[in-house]
Structures are given as C-alpha cells and as structure tokens.
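Peer 1:
Numbering (UniProt numbering), first residue to last: 1 to 356.
1) What's the C-alpha gap between residue 98 and residue 213?
2) Following the continuous alpha helix (DSSP H) through residue 304, name the residue where it begins and the one where it ends.
3) Going by DSSP, what residue range makes up the beta strand (DSSP E) through residue 146?
4) Taking the CB atoms as reference points, tell me whether residue 341 and residue 112 lie closer together than 7 Å.
5) Three or more C-beta pairs closer than 8 Å, one from the segment 26 to 36 and one from the segment 49 to 57: is that the case here?
6) For residue 206, report the span of its beta strand (DSSP E) as first-last.
7) Output the residue ranges of the beta strand (DSSP E) runs that lie fully inside the segment 91 to 127 and measure 3 residues or longer, sorted by chain position.
8) I'd like the span of the beta strand (DSSP E) that includes residue 323, first residue to last.
9) What did DSSP end up calling residue 76 once you bin it into helix, strand or coil?
10) Secondary structure at residue 349, three-state DSSP: helix, strand or coil?
11) Taking the CB atoms as reference points, tell me whether residue 319 and residue 329 lie closer together than 7 Å.
12) Taking residue 186 and residue 101 to be in contact with their CB atoms under 8 Å, please state how far apart those CB atoms are, rounded to whole angstroms.
13) Please report the residue range of the alpha helix (DSSP H) in which residue 178 lies.
14) Ends of the alpha helix (DSSP H) at residue 307?
15) In the DSSP output, which residue or residues are listed as bridge partners for residue 245?
16) By DSSP, does residue 12 sit in helix, in strand, or in coil?
17) Could you tell me how far apart the beta carbons of residue 239 and residue 302 are, in whole angstroms, since I believe they sit closer than 8 Å?
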C-alpha cells in the first residue's frame, strides 16, 4: 500500500513538473510555427456532449463521413504546447470576463472554448448559450467566469440611418465600448466581412471622416478601421488589469489553386491537412495590415498569428456538411471539434505566458 502510494506521488509530481516545464518552455517559443501531427487521442471532446453547439459547425451530426480531420494536433517546432487544463483555466480566470469580439469566425472560436470547458467540467454549474442583442454568454457560476461573444464584424460602428447603413471608419459605438471596458480579457478579430461584395455588401455607405462614399478600396478602409480600433484601445483600456489579443485571420479554402491543385477542387473534397504545399502559401492581404497597425501601438496587444496553421487545414471546413439550412459549400467556417480547438489551446498558452 505504501509503495503504491509513493508511486502515485512520484507520478503526480512528475506530471506537475512536466507541466511546469512545458509552461516554462513557452517563453520565447514561436508557438505559431510548426506542423500538424496525427494524434489518435484527439478530438478534445465529442460534439454530441456539447449541448449548445451550433448545428452549422457539427459536421459529424450533419453527415460528414470521414473522421481523420478530427485527429490532428498542432505541434510547434521549438516547444510543446501545454495540455489544455480546464480546471487551471477557470482558476486563473476566476471572477473574470472573457470577451471574443468579431464575426461568425469569432463565434466559431467562442463555441469551441465553451465546448472544451464544458467537457472538462460536466458536473460544474453553468449557464450557457444565452443569445440576445448581439451577444452570447456562457457562465461558470462556481468560478464566476463569464465567456462572451460580442458581435461586431468591423470593430467600428455600422449604424442604421434614415438613408441606409453607414460604416463609420472613425467611430466606435458606445454600446460596444461599454462592454469592451467591462471585460478582463479581450480577443478581437475582423476580416471576413470586409470581403463581402455585390448584394451581400453589409453597408450602404462608408463614412471616412467628413467624406461619405458608396464604397472604397477595402484594404484602405480596413486599415483605417483598425487604426480607429487601435487608438480607442490604447486610450480606453486599462492594460494593468485587462489582457488584449487580436486573433489573425482564420483562412478560407474555396479554391484548390490556393494550395497548388488546379483541377477545380475545393474544401469539400479534402480529408487531410497540407503537409507540403506545391506552391508557397500566400499571405492574406489583411495579415500585413493587422501586423502593421499592431506594431505601431504603444500598448501590449498580443497578435495570435493563427493564419498559417489554419491555411494548412484545407480539410477542416464544413463544406457540404454545414447546417441543413445552409445551401452551398462552406469553406470559411470550421467543423467542431476541429481547428478552432487549436486556436484555443494557443489562447490558453498565451494566457499562461501572460499570467505567470
């Protein structure tokens, strides 16, 4: 009995020390530079056990026949990602509010994190999936941790007026500002909706200072909007108590030519990651703008540069296996379980680095 206890004790301290080593090794490690490796212990949870999972992301429930896409784990070249520890996550963020601010890809990530935490705490009280007035909320009352999704695809104000919807590149809506200032951890993103065109354009006019345009160069508009966001964050967020992240673009795979296949393939026919691209993966135009804007900020906003690792996952989208109400091919959003779970493992790693 004593020997068995000592063995368990040694195993426990070995586990703790190993975990401490993983956290220590994160310092100075580029966790976004690595490769996808097959891991039969994945996924991190079963979609059927995540009661609030949006049907659009539940590819297995929607009939996707293959399962290999569920089995890949991100491995940085220079270190190991620490295991996602749901208990530790909630303890570190006790009495905190975490807010994901952005579009449906941010909703994708919000759903992933709440599913991961729910799988770690099935017997812990929670209030989940509340959606009203542009936000969703998932709360763990025992830890007083709230995880919010705050809908704002542009970060700047898109206001309904008597003459139509006006995207104001110089203004942050007061309602958004209040919610952002009430949060302890902020994860911003904006890109996907800037690509909408034609009848799908989500504004009628763009206000650029005193000038009103029917439309304008999207990249120019995007940089102006991000600059407004950056100036607001620096002037209004207390960085002594609030952590601020910007998640890079998640990548889309509507056309196989992006990874060197020119035979008309799209994401719906893909069942494995890109391990060696036939052509170099191109930088997404918005990437350079995000990097430029954040580099000019005097306050510490951490860029979660998940673009390249997401570009490698041409197999991770719903494709034809999105919600039955969705018609067509979805090569923008992501299956859950799936790639957004890795974004949240990286988010956890960034929190460990920031909260040490």
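The C-beta atom is built at its ideal place from N, Cα and C for all residues, glycine as well.
Peer 2: Walking through what the data contain:
1) 35 Å
2) Per DSSP, residue 304 belongs to no alpha helix (DSSP H); it is in the beta strand (DSSP E), 301 to 304.
3) 145 to 151
4) yes
5) no
6) 205 to 208
7) 97 to 102
8) Careful: residue 323 lies outside any beta strand (DSSP E) and carries neither H nor E.
9) strand
10) helix
11) yes
12) 6 Å
13) 174 to 181
14) 307 to 311
15) 187 and 302
16) The predicted position of residue 12 is uncertain, since its pLDDT is 42 and thus under 50; no value can be drawn from it.
17) Residue 239 to residue 302, Cβ: 11 Å. No contact.
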